[in-house]
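A.B. asks: One structure coming up, written as C-alpha cells, with questions to follow.
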Amino acid sequence: MTVTYADLRTRIAEFAEAEIVADGPPLTVVVPAAAWADFGRFAKGTLGCAFFSFMTAVDWKDKGLEVVAWTKNLDANVAVLMKTRLEPGQSACPSLVPVYRGADWMERECFDMFGIRFEGHPDLRRILLPDDWEGYPLLKSYAVDTPYPPYR
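Convert by adding 456 to the 1-based position in the sequence shown; the result is the number in my numbering.
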C-alpha cells in the first residue's frame, strides 16, 4: 500500500494532541512535551515511520527549548518532522529511546549541550564533554567566555 502525505495528514488528525504546522515534505507536526513519546509510538506504528534519522534541540531564548526529531517511512518515501516545545524553565520531556533505539546517543547529546532531561532514558549522562563540565554550552544563556581549563 502506498502512503502519501495526504494519508499522513488524515492519520495525524486522529492523534488529538498533534498539530500540523507545515505541509510536507516533510510534514511538520508539533505535539506537547507530555505526548512526545506517545506521538513517537504513533508515528512508528500507525504512520509506518520506522526510520529514526536524527534529533536535536533549539534554544529560542525567551520562548524556551524546542526538541526536533526526523522520522521517515522508507517504503512510502514520506517523512515526519516531530517538534515539541519546552516552556522556559522546563527542561524535561519523555525519552524516545523505548520507541527508537537510535535516539539514545542523540538524546545524550541534547542533554550534554542543552541540559534537556529525557525521562525514561536508560543512560542519560554526558557524551561529548567531561563529566565535570559546568553548564550547557548551546544554551543562549551560557557565557561564551566561560573558562574551562585547559581550553581557556
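Don't be surprised by glycine CBs; every beta carbon is placed ideally from N, CA and C.
Can you pull the DSSP bridge partners for R573?
C.D. replies: One-based indexing of the sequence shown puts residue 573 at position 117. R573 pairs with A548.
A.B. asks: Please say whether T502 and R467 have beta carbons closer to each other than 7 Å?
C.D. replies: The residue labelled residue 467 in the question sits at position 11 within the sequence shown. The residue labelled residue 502 in the question sits at position 46 within the sequence shown. Yes, the Cβ-Cβ distance between R467 and T502 is below 7 Å.
A.B. asks: Output the distance between the C-alpha atoms of M511 and V477, rounded to the nearest integer angstrom.
C.D. replies: In the sequence shown, the residue the question calls residue 511 occupies position 55. In the sequence shown, the residue the question calls residue 477 occupies position 21. Cα to Cα, M511 sits roughly 18 Å from V477.
A.B. asks: By DSSP, does E473 sit in helix, in strand, or in coil?
C.D. replies: Start at 1 with the first residue of the sequence shown, and residue 473 comes out as number 17. DSSP places E473 in coil when its eight states are reduced to three.
A.B. asks: Secondary structure at T460, three-state DSSP: helix, strand or coil?
C.D. replies: Here residue 460 corresponds to residue number 4 of the sequence shown, with the count starting at 1. In this structure, T460 counts as coil in the three-state DSSP scheme.
A.B. asks: Take V487 as the anchor and find which of P481, K500, A472, G480 has the nearest alpha-carbon.
C.D. replies: Residue mapping note: residue 487 aligns to position 31 of the sequence shown, counting from 1. The option with the nearest alpha carbon to V487 is A472.
A.B. asks: Checking 7 Å against the spacing of the C-beta atoms, do L564 and I583 come in under that value?
C.D. replies: In the sequence shown, residue 564 corresponds to position 108, counting from 1. In the sequence shown, residue 583 corresponds to position 127, counting from 1. The amino acid at residue 564 is misidentified as Leu; the sequence shows Arg. Yes, they are a contact pair.
A.B. asks: For D518, which of W526, R541, A499 has the nearest alpha-carbon?
C.D. replies: The count along the sequence shown starts at 1 and reaches residue 518 at position 62. With distances taken between Cα atoms, D518 lies closest to R541.
A.B. asks: Please state the DSSP three-state secondary structure of E522.
C.D. replies: Stepping through the sequence shown from its first residue, residue 522 is reached at position 66. Strand at E522.
A.B. asks: Do you know how far the Cα of V524 is from the Cα of L580?
C.D. replies: Reading the sequence shown from its first residue, position 124 is the one you call residue 580. Reading the sequence shown from its first residue, position 68 is the one you call residue 524. Cα to Cα, L580 sits roughly 18 Å from V524.
A.B. asks: Going by the DSSP bridge assignment, what does F507 pair with across the sheet?
C.D. replies: As a first step, residue 507 is located in the sequence shown; it is residue number 51 there, counting from the start. Partner(s): K528.
A.B. asks: Within the same chain, show all residues whose beta-carbon is closer than 7 Å to that of D494, passing over the 5 residues directly before and after it, in chain order.
C.D. replies: Start at 1 with the first residue of the sequence shown, and residue 494 comes out as number 38. None.
A.B. asks: Hey, quick one: how far does the beta strand (DSSP E) through R541 stretch, first residue to last?
C.D. replies: Along the sequence shown, one-based indexing puts residue 541 at 85. 534-542 is the extent of the beta strand (DSSP E) around R541.
A.B. asks: D531 to S597, Cα distance in whole Å?
C.D. replies: As a first step, residue 531 must be located in the sequence shown, where it is residue number 75. As a first step, residue 597 must be located in the sequence shown, where it is residue number 141. Their backbone Cα atoms lie some 42 Å apart in a straight line.
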